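Asker: Mapping of the sequence shown onto the UniProt record's numbering: position 29 corresponds to residue 29, and the numbering continues sequentially without gaps.
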Amino acid sequence: MPQDDQFEESRVRVTMAVTDCLHRYARAVDRCDWDSVRACYHDNAFDHHGAYRGGVDGLIEDMKARHAQLDSSVHFITNVIVDLPDPDVALVESYCLCYLRRRELEASGAQQMTTVKCRYLDKFTPDAVGRWRIASRMVLFDELCVGEIRDSRPPAATRSERDRKDPLWVFLDRGADWNSADYAAGSKRQ
1 MPQDDQFEES
11 RVRVTMAVTD
21 CLHRYARAVD
31 RCDWDSVRAC
41 YHDNAFDHHG
51 AYRGGVDGLI
61 EDMKARHAQL
71 DSSVHFITNV
81 IVDLPDPDVA
91 LVESYCLCYL
101 RRRELEASGA
111 QQMTTVKCRY
121 LDKFTPDAVG
131 RWRIASRMVL
141 FDELCVGEIR
151 DSRPPAATRS
161 ERDRKDPLWV
171 FLDRGADWNS
181 ADYAAGSKRQ
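1) Quick one: residues in its chain with C-beta nearer than 8 Å to the C-beta of P126, no 5 flanking neighbours on either side, listed in chain order?
2) If you follow the alpha helix (DSSP H) that K64 is part of, which residue opens it and which one closes it?
3) Report the start-end ranges of each beta strand (DSSP E) in the region 18–54 that is 3 residues or longer and not cut off at the edges.
4) Between G58, C98 and S72, which has its C-alpha nearest W34's C-alpha?
5) Comparing the C-beta of A110 with each C-beta of chain D, is any distance below 7 Å?
6) Spell out the partners DSSP gives Q112 in its beta bridges.
7) When burial is assigned at 16 or more other CB atoms within 10 Å of the CB, is V12 buried or exposed?
8) Does the count of Cβ pairs from the region 71–79 and the region 90–108 closer than 8 Å reach three?
9) Would you tell me roughly how many angstroms separate the C-alpha atoms of Q112 and H49, rounded to the nearest one?
10) In terms of residues, what are the limits of the alpha helix (DSSP H) holding V129?
11) In angstroms with no decimal places, state the Cα-to-Cα distance between M138 and A181.
12) Nearest-angstrom Cα distance between Y105 and A90?
13) Quick one: is L140 buried, meaning 16 or more other Cβ sit within 10 Å of its Cβ, or exposed?
14) Can the beta-carbon of R38 be found closer than 7 Å to that of V56?
15) If I measure Cβ to Cβ from Y41 and keep anything under 7 Å in the same chain, skipping five residues before and after, which residues do I get?
16) Is the beta carbon of R101 sitting closer than 7 Å to the one on D71?
17) Between the alpha carbons of V116 and L172, how many angstroms are there, rounded?
18) Using CA atoms only, rank isn't needed, just tell me which of R153, D83 and G109 is closest to G147.
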């Protein structure tokens with residue numbers, strides 16, 4: 001295989017691995033799955049995450065405190081651009097759009113919704129078994145908007161949860177045996 005083709009194949013593999021890690025990070029934050037957040041980082045990683053600057057354990061404690069006030073968190077990570085200055089280093093820029101809804105109601109009966117537009121600058125490196133993880137992160141904030149919303153989900157809708165009550169976990173546990181018809185029978189968790 002020509003050298004250019006080998007490099008391109010390697011770049012595609014790294015891009016897919018890095019993008020998968022970013023998406024798993026988003027899911028882990030939104031589901032308050034702190035062990036999975038930790039798995040996205042190297043043990044000695046540094047995160048410059050808004051007001052927080054430090055290691056992964058401190059970041060997770062900071063996230064736990066902030067997310068305890070939320071009943072909904074949704075992260076969309078897009079525009080993932082991967083540069084490979086070295087075979088074992090990926091410099092990654094990605095865009096992130098977050099919707100964060102506060103748990104308590106305002107006096108008006110509405111809830112506070114925060115929309116965050118930001119970018120992640122991540123340095124990824126492979127761990128001892130070759131899994132690409134975040135070694136260093138800086139979050140660059142473009143905009144933070146706060147407003148009031150009223151939740152208008154229909155009562156019969158299957159609700160998203162921020163913990164192990166979310167249907168995601170049954171979905172993953174059942175694997176090939178999962179079927180959405182199980183929820184049509186009336187039980188939220190089968």
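Note that CB positions come from ideal geometry on N, CA and C, so glycine has one too.
Computed from a predicted model, the values in this text were never measured in an experiment.
Answerer: Let's see:
1) D88, W132 and R133
2) V56 to H67
3) 41–49 and 52–54
4) G58
5) The structure shown contains no chain D; it holds only a single protein chain.
6) E148
7) exposed
8) yes
9) 22 Å
10) Element bounds for V129: n/a, residue is neither H nor E.
11) 43 Å
12) Here the sequence assigns Leu to residue 105, which means Tyr is not the residue at that position. L105 and A90: Cα-Cα distance of roughly 43 Å.
13) exposed
14) yes
15) V56, R133 and I134
16) yes
17) 29 Å
18) G109
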